[in-house]
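For the record, the sequence lines run as chains U and P. Counting with our numbering, you get residues 1204 to 1885 for the letters of the first sequence. Counting with our numbering, you get residues 6 to 353 for the letters of the second sequence. Note that the Cβ used here is the ideal one computed from N, Cα and C, for glycine as well. Since the model is a prediction, treat every value here as computed from it, not as a measurement. Please read the structure below before turning to the comments.
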Amino acid sequence: MALTEDRPETLELTAGDEAVVRHPLGAFTRPSGMTGWRSWLTTVDHKKIGILYGATALFFFFIGGIEALLIRAQLAQPDGQVLTPGQYNQVFTMHGTTMVFLVVMPLAAAFANYLIPLQVGARDVAFPRLNAFSYWTFLFGGIVLNSGWFLGGSPDNGWFNYAPNSGLAYSPGNGIDFWNMGLLIAGIASLVGAVNLIVTCLNMRAPGMTLMRMPVFTWMALVTQFLLLFAIPVLTVAQFLLMFERLFGAGFFDPEMGADPLLWQHLFWIFGHPEVYIMILPAFGIVSEIIPVFSRKPLFGYPFMVFSGIAIGFMGWGVWAHHMFASGLGPVSVAAFSLSTMFIAVPTGVKIFNWVGTLWGGKLRLTVPMAFAIALVAQFTVGGLSGVSHAVSPSDTQQTDTYYIVAHFHYVLFGGALFGMVGGLYFWWPKIFGHHLRDRLGWWHFWLMALGFNLTFGPMHIVGLQGMPRRTASYAAGMGWDFWNMVETVGSFLIGVSFLVFAYNILVSRNNPPAEPDPWDARSLEWGTTSPPPVWNFDETPVVHQLDEWWHRKYTEGDDHRLVLAAEPPTPFATAAGPSEPPHLPSPSYWPLVLALGLPFIAFGLLYTYWLAAVGGVLVFLAVYGWSLEPSVDPAGGHDDHGHTGHTGHAMPGASDDHAEVTDEEPVAVATTPEDTTEVSE
Amino acid sequence: MQIVRRWGRLAGLLPLVFLTACAKDAPQDFLQPEGTFAKKIDALWDPVFAIAVAVFVIVEGLIVFAVVKFRAKPDDDELPEQIHGNFRLEIGWTILPALVLAVISAMTLPVIFELTDEPDEALKVDVWGQKYWWGYEYGAEGNEAYGIEDAGIRTANELHIPVDVPVYLTLQSNDVIHSFWAPKLNGKKDVVPGRVHNWKLQADEPGVYSGQCAEFCGTSHAFMRLKVVAHDDASWAEWVETMQAPVETPSSGLAAEGYELFAQKGCAGCHQVDGEYEEVADTAPAAPNLTKLFTRDCFAGCIYDLEDRNELEAWLRDPQRKAGSLMVIGELTEDEIDRLYAYLETLR
């Protein structure tokens, strides 16, 4: 039966398990399920991948948070005995590495993945399977990084992992290797993701969406992807050198063999400083979306915001040596990097002022996401100002490697990036999951987090200026640090409580009533589609006429040039009925997962036995082979659903009936593979 | 309103909170410098901090004001005026901060070079960093004016200097990167293997200044501390004389037995005692030079009090009480510990 159903229509895919056998590589059936747990392993939908990124980042945030609380427990009092110095060094190393690579970066990736296609009016990212591959490599990188907890010792040389202490002579265990291999793998994720999202931003924007009509979040995420594209390879090079050093005694950083250990520092910070902007720019983008929405007026100085973001992206490459003012650079280099570091404060200052300008004259609705966004502006300002005080390099020779620095970068990355991203979660939660988070719990979360954060990291300015060095497993009594360290520990546990409230909020909010498609009266395209958006995002690709397109479809200019609500509400970009034409969507695939799975085998193989690496190599080879032979859209996808139920999930409702006629008009049998023929003969 | 109160309070409190940073009992507080170079740095910090506080108050004030003033009234559905930006204003707040930063830069640049210049006249000390203690060597060459004679002086953890004289340090590492830091006397300088770095110190008043390794260097990084002891002229001369007086080998009693044991147990394979156990090359010391051990107050990276007999005995029983310590001594009987202690006590 049903030649008519053999059409290149990919939406109606079943839950896979009952699928008809199709063998792209003779290995296993091409997955077709869009619901159920298995669909999460094979999905190429940018929204599902975004959710996977976010959930995984929150899981690692839990681990990194436990590590943070262990640090604070140890330092609550002088001569702390909670951890041994060896354990403490592992915990602070893993805290930093986890928060940077497995929390803030993937949270940013979660937002970028989920939002960019929606904000530019696309169905998906440019390379959906590569997108899935990015997520899986990130996950496996994170697992390799954390495997030390179970395999005899975690990395213990700091997230910066300076040579030569990272060499075999001083770090004979496998801890440093887990750090190195884990981040090498996670780096592939960032690099692939960067290429993918850059192409998406540049090539897949809806008609009419010029670059200067792109939402600011997408802009900042785009700048971030360019930073990743150029910064990650530098880290990767450094890590390859380190890998050769540790596996084969290459001696790139070994002074005994004539090398200069400062080489590592230069490479690491050439990556490491752009990395700071990689973490903060997406959060800047998020609050640049939130603040206008709740001020009910456009972002103040959109072009300045965009160009200051780009300026930060460029200048961020010229300041790395400010991490090395005490390392032994000559005074001329120190002077040059002092200057460049001073002036990177300018574009950042522009952003702060423009956010204030956006608030100014608005009619502010103080919601939970708005509170987090305003907190970012207020707290990032503190981090920016302490940053200027580090740019004064003679002062920095006092401040560097003290808690003053710890205070600085937590005001930037926690008070800034994380507050912004948590605000983003509250903001887009109704869009992503179709229901709001509870408001009251949200306020509890906000106030506990804000209070806890400032109690934890505010006093670190003081103990830092009082000369308390960082990365120290304990401190002596009588240094004047006791009181504030206790305050910091209390504050840190408040932060812990605030996130328990958040977790509770996520749990109890599941049964909240469905959210409106546009609950905040927002501005960009994603608010014009349903909540949550359908798999195909938009029934028809929206045509963009101006910045904040969705907003301008809702409001028109009144008599006195004031905006008033349009007489007719705008047509939504998606409806429950779905598009009239079947949307062209990529099909799920196992290969990204298989390919990513090969990498940890190679990593562990290099450490333990090359046989394991060979297994990984075979997996990678097969996956690349299978992937390249697999069409991105399964020609047979969706024709085995006839008679099955339970495949509605994200699939387009009512499509099969609607399109029976369409295919009748197109007598194109797509039964080209033997499997299809088999099925047809059934 | 909660937001307002909160940030208002913070804005008011912050400068106050910073003042408490100048506590009297904070021996590493670099906002209370005690030496020429540290004071130069502090003189830069003061105006920068003042500017930062001013900017902080302005920005946070604007945020608080905006949040109070522009809150939407309930049931007010009318849109505010849709302002898209203000080019002149934005150019203004691009240029103004740049000018402020240019002023800060102009103040900063000369100090960078001043702090790097080699002083014309200075006490020169070689500093060796290694896991997890500091070694110091005062060579005779160029140091005649400070009373250092041919053999020079070797000591550990406590750096002794005369007041009001620049001290020019030559920093080298025997293993990984460390960072030499005595906050009240100057900023920090990394000690990098394979490289020779120089750094300056100067104390304006006699006293004992606390410091520690500031670059993560491994397991016991937190326990690689140091002291700088600044002497006035008379006490400097006395210290130099003591340090250069020959060591007397104990000839009888427990101390003499300890002297034998020091060699038998292999202590002398790493620890040098000038005039007695000199097999160890006098550069790149593998373990602290013990020549005048009991003139010091602290040992093992300055974390244990030398005046407390129990501390040193506990150390001889188990040097791993400091995690990652490289000292290997094997199990000693209490009797052996007594003898060793008796010998070490004569090193003064």
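Pull the bridge partners of residue i from the DSSP assignment, please.
i: Lys-205 (chain P); result: P:Tyr-173
i: Lys-194 (chain P); result: P:Phe-185
i: Val-278 (chain P); result: P:Tyr-282
i: Tyr-141 (chain P); result: P:Val-132 and P:Thr-160
i: Pro-1717 (chain U); result: U:His-1638
i: Lys-232 (chain P); result: P:Glu-163 and P:Ser-215
i: Leu-1445 (chain U); result: Note: Leu-1445 (chain U) sits in no beta bridge, so no partner.
i: Phe-304 (chain P); result: P:Tyr-309
If you check the beta carbons only, do residue i and residue j fall under 8 angstroms apart?
i: Met-1407 (chain U); j: Val-1323 (chain U); result: yes
i: Leu-1640 (chain U); j: Tyr-1629 (chain U); result: yes
i: Ala-1816 (chain U); j: Phe-1824 (chain U); result: no
i: His-1664 (chain U); j: Ser-1596 (chain U); result: no
i: Leu-1651 (chain U); j: Val-1693 (chain U); result: no
i: Ala-1389 (chain U); j: Gly-1345 (chain U); result: yes
i: Ser-225 (chain P); j: Tyr-137 (chain P); result: yes
i: Leu-1400 (chain U); j: Val-1437 (chain U); result: no
i: Phe-1343 (chain U); j: Val-1306 (chain U); result: no
i: Met-1671 (chain U); j: Met-1682 (chain U); result: yes
i: Thr-1544 (chain U); j: His-1525 (chain U); result: yes
i: Val-1549 (chain U); j: Pro-102 (chain P); result: yes
i: Leu-259 (chain P); j: Glu-341 (chain P); result: no
i: Leu-352 (chain P); j: Phe-299 (chain P); result: yes
i: Lys-270 (chain P); j: Asn-162 (chain P); result: no
i: His-236 (chain P); j: His-165 (chain P); result: yes
Tell me which residues share the same chain as residue i and place their Cβ nearer than 7 angstroms to its Cβ, disregarding the 5 neighbours each side in the sequence.
i: Asp-209 (chain P); result: Glu-39, Gly-40, Thr-41, Val-168 and Asp-169
i: Trp-1422 (chain U); result: Gly-1488, Val-1509 and Gly-1512
i: Pro-124 (chain P); result: Pro-171, Tyr-173 and Lys-205
i: Gly-1565 (chain U); result: Ser-1498, Arg-1499 and Lys-1500
i: Arg-1726 (chain U); result: Pro-1495, Val-1496, Asp-1751, Trp-1753 and Trp-1754
i: Thr-1600 (chain U); result: Phe-1528 and Ala-1529
i: Gly-1257 (chain U); result: Leu-1310 and Ala-1313
i: Val-333 (chain P); result: none
i: Pro-324 (chain P); result: Ser-330, Met-332 and Ile-334
Residues in the same chain with beta-carbon distance under 6 angstroms from residue i, minus the five sequence neighbours each way, listed in chain order, please.
i: Gly-1376 (chain U); result: Gly-1356
i: Ala-1806 (chain U); result: Val-1347 and Met-1384
i: Met-1297 (chain U); result: Glu-1270 and Ser-1357
i: Thr-1848 (chain U); result: Residue confidence is low: Thr-1848 (chain U) scores 36 on pLDDT, short of 50, so the model does not pin down where it sits. Its coordinate-derived value is still stated next. Taken in chain order, the list of residues that qualify is empty.
i: Ala-1653 (chain U); result: Ala-1578
I'd like the span of the alpha helix (DSSP H) that includes residue i, first residue to last.
i: Tyr-1607 (chain U); result: 1606-1615
i: Ser-1695 (chain U); result: 1685-1711
i: Tyr-1317 (chain U); result: 1308-1323
i: Tyr-1629 (chain U); result: 1622-1636
i: Val-69 (chain P); result: 41-74
i: Ser-1831 (chain U); result: 1813-1832
i: Ala-261 (chain P); result: 258-269
i: Tyr-1678 (chain U); result: Where Tyr-1678 (chain U) is concerned, there is no enclosing alpha helix (DSSP H), given that its DSSP letter is neither H nor E.
i: Tyr-1505 (chain U); result: 1505-1518
i: Thr-99 (chain P); result: 92-121
What are the start and end residues of the beta strand (DSSP E) that includes residue i?
i: Gln-135 (chain P); result: 128-135
i: Pro-167 (chain P); result: 163-167
i: Glu-210 (chain P); result: Note, Glu-210 (chain P): premise wrong, no beta strand (DSSP E); not H, not E.
i: Tyr-1758 (chain U); result: 1758-1760
i: Leu-1766 (chain U); result: 1766-1768
Give me, in chain order, the residues of the same chain whose beta-carbon lies closer than 8 angstroms to that of residue i; leave out the 5 immediate sequence neighbours on both sides.
i: Pro-1775 (chain U); result: Pro-1720, Gly-1731, Thr-1732 and Thr-1733
i: Glu-350 (chain P); result: Ala-260 and Phe-299
- Query: Listed in chain order, which residues of the region 101-116 of chain P have Cβ atoms closer than 7 angstroms to some Cβ of chain U?
  - Reply: Pro-102, Ala-103, Leu-106, Ile-109, Ser-110, Thr-113, Leu-114 and Val-116
- Mind listing which residues of the region 118-152 of chain P have their C-beta closer than 7 angstroms to chain U's C-betas, in chain order? Phe-118, Leu-120 and Thr-121
- Item | Under 8 angstroms (Cβ pairs) to chain P, residues found in the region 1556-1584 of chain U | Under the 8 angstroms Cβ criterion, the region 1556-1584 of chain U contributes Phe-1556, Asn-1557, Val-1559, Gly-1560, Leu-1562, Trp-1563, Gly-1564, Gly-1565, Lys-1566, Leu-1567, Arg-1568, Leu-1569, Ala-1574, Ile-1577, Val-1580, Ala-1581 and Thr-1584.
- Item | Contacting positions in the region 157-172 of chain P - beta carbon closer than 9 angstroms to chain U | none
- Closer than 7 angstroms, Cβ to Cβ, to anything on chain U: give me those residues from the region 222-255 of chain P, in chain order. Cys-222, Gly-223, Thr-224, Ser-225, His-226 and Ala-227
- Item | Residues within the region 45-57 of chain P neighbouring chain U, beta-carbon criterion of under 9 angstroms | Lys-45, Ile-46, Asp-47, Leu-49, Trp-50, Val-53, Phe-54, Ile-56 and Ala-57
- Using a Cβ-Cβ cut-off of less than 7 angstroms, list which residues of the region 1527-1540 of chain U approach chain P; keep chain order. Ala-1529, Ser-1530, Gly-1531, Pro-1534, Val-1537 and Ala-1538
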